[in-house]
Ligand code: SF4
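In my numbering, the protein residues as written are 105 to 179.
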């Protein structure tokens, strides 16, 4: 898991990008595909991404938020 300062910085950047995008979320199908991709990823631990330190059920919803390893399909 990334350090707490890194996680805080990642969160600040993610929230800024989300707000700039009008807080738009992805369609339900995209959300499901994202979480299915995470389910088989070795960088997932429970509901957390070990790459970015994000909480996946929330991260997968934001349109501007992306997998740090580029594993999510682009929509
Ligand atoms: S966001 Fe990407 S790196 Fe993180 S758990 Fe999901 S697929 Fe893996």
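For glycine and all other residues, C-beta sits at the position ideal for the given N, C-alpha and C.
Near the ligand SF4: residue i beta-carbon under 7 Å from a heavy atom
i	result
residue 160	yes
residue 111	no
residue 167	no
residue 173	yes
residue 147	yes
residue 141	yes
residue 153	yes
Coil, strand or helix - residue i by DSSP
i	result
residue 153	strand
residue 178	coil
residue 148	strand
residue 134	helix
residue 141	helix
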